[in-house]
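Student: In our numbering, the protein residues as written are 162 to 258.
A virtual CB, placed ideally from N, CA and C, is assigned to each residue, including glycine.
Because the structure is a prediction, the values reported are computed rather than measured.
#1: Between the C-alpha atoms of residue 197 and residue 186, what's the straight-line distance to the nearest angstrom?
#2: Classify residue 217 as helix, strand or coil using the three-state DSSP reduction.
#3: According to DSSP, simplified to helix, strand and coil, what is residue 227?
#4: Suppose you measure from the CA of residue 179 to the CA of residue 201; what does that come to, to the nearest Å?
#5: Return the chain-ordered list of same chain residues with a C-beta closer than 7 Å to the C-beta of residue 174, the five sequence neighbours on each side being excluded.
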């Protein structure tokens with residue numbers, strides 16, 4: 162009788178060990194999936210920002226490629242002001258002539 166009882170007890174301990182091991186593996190897999198999803202989210206945000214910047218630059222290029230750089234009103238409407246912008250537009254105007 163003692164032999165049967167001892168067998169059941171060791172079996173119960175083995176099942177408990179299996180459950181603990183399964184929970185540990187599940188936890189590790191969960192952490193891995195969480196990290197992967199976080200990285201996917203960060204990449205999506207970054208690519209969205211890059212796309213927004215690219216579209217804005219394309220819009221500016223389209224707008225400014227059709228503009229007359231010699232027009233003073235156009236120069237004052239530009240977001241870039243100062244000596245550098247003036248020098249760039251003078252150089253472009255020289256090529257346009």
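Tutor: Judging by the given coordinates:
#1: Their backbone Cα atoms lie some 17 Å apart in a straight line.
#2: Correct three-state label for residue 217: helix.
#3: The answer is coil: DSSP assigns residue 227 none of H, G, I, E or B.
#4: In a straight line, the C-alpha of residue 179 is about 33 Å away from that of residue 201.
#5: There are no such residues.
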